[in-house]
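Enquirer:
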Amino acid sequence: MDNTVNVALTFYSEAYASSIHSYTLPEEQLIYTALPTEAIAKCKQERDRTPVLILAVNKLAGFFVLDAGEAVKEYTESSGALLIRSYSIHPDYQGKGIGKKSLKLLPFFINHHFPTKNKVVLGVNYKNTAAHICTNDAALLIQTGIFLEAKESSLFIR
């Protein structure tokens, strides 16, 4: 893992449209997540969804959506929660610690942009082993005041 890569989170803007349109994932990963183009289209329809880019040295390395809508209630009763949707890391950046770094940055991003939120939930399919590896390190988020709760079928990782 390269610990020197500069990772940042930022809201989606049209400046990244060409990178978003060329963003691909292997078929075996598309079982568990949506491509950013699909997720952004849904965000335009549902205002409670906010697309977020994961940048590595100012290049698109990953993507996810923060959802404050009704779907959060499927995972938690907390009114201060956001749901992470469509989380992915571009194949060129996988295995380099970008996913873990993005999760470490998430509490600060949420505190700054969503000050009324104090919890993040993430649905993880039990067959998605790559997501398990990344979310197993999520305990680091607890130390920064944002609690990450990963739901694996009916099991919560706390």
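Going by numbering that gives the first Met the number 0, the first residue of the sequence shown is number 0, and it counts up by one from there.
Ideal Cβ placement from N, Cα and C applies to all residues, glycine included.
(1) Please report the straight-line C-alpha distance between Asp-66 and Lys-116, rounded to a whole angstrom.
(2) Taking the alpha-carbon of Tyr-92 as reference, which of Ala-16, Leu-29, Leu-54 and Val-120 has the nearest alpha-carbon?
(3) Answer yes or no: do Val-71 and Thr-49 have a C-beta to C-beta separation smaller than 8 Å?
(4) Report yes if the CB atom of Tyr-22 is closer than 8 Å to the CB atom of Leu-8, and no otherwise.
(5) Could you check where the alpha helix (DSSP H) with Pro-106 kicks off and where it finishes?
(6) Expressed to the nearest angstrom, what Euclidean distance is found between the alpha-carbon atoms of Ile-19 and Ser-12?
(7) Roughly how many angstroms lie between the CA atoms of Leu-102 and Gly-68, to the nearest whole one?
(8) Cα separation between Pro-90 and Leu-24?
(9) Buried or exposed: which applies to Thr-32, given that a residue is buried once 16 or more other Cβ atoms fall within 10 Å of its Cβ?
(10) List, from N- to C-terminal side, the beta strand (DSSP E) runs of 3 residues or more that fit wholly inside the segment 45–89.
(11) Under the rule that 16 or more other beta-carbon atoms within 10 Å means buried, what is Pro-106, buried or exposed?
Expert: So, to answer that:
(1) Working through the sequence shown from its first residue, we reach residue 66 at position 67. Working through the sequence shown from its first residue, we reach residue 116 at position 117. Going from the Cα of Asp-66 to the Cα of Lys-116 covers about 11 Å.
(2) Within the sequence shown, numbered from 1, the residue matching residue 92 stands at position 93. Of Ala-16, Leu-29, Leu-54 and Val-120, the residue nearest in Cα terms is Leu-54.
(3) Numbered from its first residue, the sequence shown carries residue 71 at position 72. Numbered from its first residue, the sequence shown carries residue 49 at position 50. For the 8 Å CB-CB criterion, Val-71 and Thr-49 do not form a contact.
(4) In the sequence shown, counting from the first residue as 1, residue 22 sits at position 23. In the sequence shown, counting from the first residue as 1, residue 8 sits at position 9. Result no, Cβ atoms of Tyr-22 and Leu-8 do not sit closer than 8 Å.
(5) In the sequence shown, residue 106 corresponds to position 107, counting from 1. Membership of Pro-106 in the alpha helix (DSSP H) is indicated by the continuous run 97–112.
(6) Locating residue 19 in the sequence shown gives position 20, where the first residue counts as 1. Locating residue 12 in the sequence shown gives position 13, where the first residue counts as 1. Looking at the backbone, the Cα of Ile-19 and that of Ser-12 are separated by about 10 Å.
(7) Counting from one through the sequence shown, the residue named residue 102 turns up at place 103. Counting from one through the sequence shown, the residue named residue 68 turns up at place 69. Whole-angstrom Cα-Cα distance: 21 Å.
(8) Here residue 90 refers to the residue found at position 91 when the sequence shown is read from its first residue. Here residue 24 refers to the residue found at position 25 when the sequence shown is read from its first residue. Cα to Cα, Pro-90 sits roughly 6 Å from Leu-24.
(9) On the sequence shown, residue 32 is found 33 positions in, with the first residue counted as 1. When all chains shown are included, Thr-32 counts as buried.
(10) Scanning the segment 45–89 for uninterrupted beta strand (DSSP E) segments of 3 residues or longer gives 48–55, 58–66 and 80–88, listed from N- to C-terminal end.
(11) Walking along the sequence shown from the start, residue 106 turns up at place 107. When all chains shown are included, Pro-106 counts as buried.
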